[in-house]
Amino acid sequence: MLGVKFDTKLLMSSAATEIYVQAGLRLRTLLRGQHFFSIAALVRLYKSQVLSFLEKATPALYHAPDFFLAPVDNIQRQFLSELSVSELEAVEKYCLAPLSTRRDIAMLGLIHRVVLGDTPPQFSEYIRPATFVSFPRGLRHACGRHTRQLHDPMDGTQINMVTRSVLGLVYVYNLLPQHVVDCTSVSAFQKKLQGGAKAAARAGHEWWGELLRSGVKFLSVYLWELLEIIVHALLVAAVQNAPSQLGGNLAGSLGSALLKSLDYDQIHYDVGNGLQLAGVWTGWQLGRLGNSTEWFGNMLAGQMEHEVPDVSNALDQAFGVQHPTDKFGKAVKQTLDSETEVITDTLAQVVENTTNELSEGVDEFAHNMSLAFGGLGSAFDGLFAGAESALRDAGAEQN
Numbered sequence: 238m239l240g241v242k243f244d245t246k247l248l249m250s251s252a253a254t255e256i257y258v259q260a261g262l263r264l265r266t267l268l269r270g271q272h273f274f275s276i277a278a279l280v281r282l283y284k285s286q287v288l289s290f291l292e293k294a295t296p297a298l299y300h301a302p303d304f305f306l307a308p309v310d311n312i313q314r315q316f317l318s319e320l321s322v323s324e325l326e327a328v329e330k331y332c333l334a335p336l337s338t339r340r341d342i343a344m345l346g347l348i349h350r351v352v353l354g355d356t357p358p359q360f361s362e363y364i365r366p367a368t369f370v371s372f373p374r375g376l377r378h379a380c381g382r383h384t385r386q387l388h389d390p391m392d393g394t395q396i397n398m399v400t401r402s403v404l405g406l407v408y409v410y411n412l413l414p415q416h417v418v419d420c421t422s423v424s425a426f427q428k429k430l431q432g433g434a435k436a437a438a439r440a441g442h443e444w445w446g447e448l449l450r451s452g453v454k455f456l457s458v459y460l461w462e463l464l465e466i467i468v469h470a471l472l473v474a475a476v477q478n479a480p481s482q483l484g485g486n487l488a489g490s491l492g493s494a495l496l497k498s499l500d501y502d503q504i505h506y507d508v509g510n511g512l513q514l515a516g517v518w519t520g521w522q523l524g525r526l527g528n529s530t531e532w533f534g535n536m537l538a539g540q541m542e543h544e545v546p547d548v549s550n551a552l553d554q555a556f557g558v559q560h561p562t563d564k565f566g567k568a569v570k571q572t573l574d575s576e577t578e579v580i581t582d583t584l585a586q587v588v589e590n591t592t593n594e595l596s597e598g599v600d601e602f603a604h605n606m607s608l609a610f611g612g613l614g615s616a617f618d619g620l621f622a623g624a625e626s627a628l629r630d631a632g633a634e635q636n
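Going by my numbering, the sequence shown opens with residue 238, and the numbers climb by one from there.
Here you go:
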């Protein structure tokens, strides 16, 4: 009745084999006339005659082991190979992502449909809002999570089949950026997911096809996100840890905050308040932890100028001079605003210069980050020295 063969062990091997055989026949029929059509026309025919057949059983096959799904996935690879089209070109030019990625997008779309309340109530028994916020499976701080958190049923006691199912994608959904889960329609939501895969592909990451599963699920701390957290948190933590008199040695207190923050296992405990103030820039221009550090360094150097307002606002808030009314406060704010641009430019140069010293090993991450931040001391010295000078000058004028 459903058109899909189910076996008692739910391995779905029979269903996958049947779909592979039938899709293979359709593909061979299509390719017989490939010399009479353009590549774009062949892709359209493939989508209507083959892809639609391959994807009709996605909900039933999603939990199947990769071993049984590999022949099904090879159908599209064979089609692209016959056309001499790469997977990157297929997703960029023809919106034809790998079948595994399309399955992830489809099932995440189902979860989002449940969140939007557009499914039968039975789905809500398994996919429902979280009753309390807890993040036992990642380093990402609460401020990095979106506001539509779902109850994660995976506690380590389930069999692999359940982990591979849509229930295992709940954790992935909880890690998506806020602007993605804020979509008011499933089509817009899935379009942004595909855009994320495209961005990862353009960045040259080999794992882009697995972005919505292993890329997000198992490596939920990203290099760009972590660096931004550290930079913002250091600025705030340095001031918070300073002596009660702001005229003290702020640069000295920065040293201890820097050392604490470089221990990334404890970052959200040591400078948690700074994280709350900093916020997290989440998007799809994220470098996976320990991967492509050269690309990360170049990207950071090119985009650091956009961080100037955020850094300046964090400093203004830490000093309590967001909206100064007296001469003292205005003097401090003016100095902070002028020095912030200098320090962000310097920071970009530091990271760019140390990019070649970074390796791709995840195990060496702490050491690599130490190298990257090793030159920041002098960069921050100018900022805090200028702030202290402004404080002293303003205080002297008041006296």
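Don't be surprised by glycine CBs; every beta carbon is placed ideally from N, CA and C. None of the values given here were measured: they were computed from a predicted structure.
Taking C-alpha positions only, residue 399 is separated from residue 432 by approximately 27 Å.
Taken atom to atom, the span from the alpha-carbon of residue 253 to that of residue 306 is near 6 Å. Comparing alpha carbon positions, the residue from 301, 312 and 338 closest to residue 245 is 301. Residue 409 places its beta carbon 7 Å or farther from that of residue 383. A straight line joining the alpha-carbon of residue 445 with that of residue 416 spans about 20 Å. Separation of residue 261 and residue 320 (C-alpha to C-alpha, rounded to the nearest whole angstrom) is 16 Å. Here the alpha carbon of residue 365 sits roughly 24 Å from the alpha carbon of residue 448. With 16 or more neighbouring CB atoms inside 10 Å of its own CB, residue 387 falls in the buried class.
Secondary structure of residue 387 (DSSP, three-state): strand. By DSSP's assignment, residue 366 forms a beta bridge with 387. Annotation for residue 289: the continuous alpha helix (DSSP H) segment containing it runs 289–292. Assignment of alpha helix (DSSP H) within the stretch 244–288, counting only whole runs of 4 or more residues, yields 250–269 and 276–283 in chain order. Cβ neighbours of residue 291 within its own chain (closer than 6 Å, five residues either side excluded): 260. CA-CA distance, residue 270 to residue 241, rounds to 30 Å. In the DSSP assignment, residue 316 falls within the alpha helix (DSSP H) that extends over 303–320. Take the alpha-carbon of residue 434 and the one of residue 251: they are about 30 Å apart.
For residue 323, the CB contacts under 8 Å within the same chain, skipping 5 residues up- and downstream, are 317 in chain order.
Cβ atoms of residue 430 and residue 342 come within 8 Å of each other, at about 5 Å. In the three-state DSSP reduction, residue 339 falls in the helix class (H, G or I). Within its own chain, the residues whose Cβ lies closer than 6 Å to the Cβ of residue 450, once the five positions on either side in sequence are excluded, are 341, listed in chain order. By the Cβ neighbour-count rule, residue 437 is buried, with 16 or more other Cβ atoms within 10 Å of its own. Look at residue 357 here: in three-state DSSP terms it is coil, with no helix or strand label.
In terms of Cβ geometry, residue 336 and residue 310 form a close pair [threshold 7 Å]. In the displayed model, residue 414 falls within coil according to three-state DSSP, outside both helix and strand.
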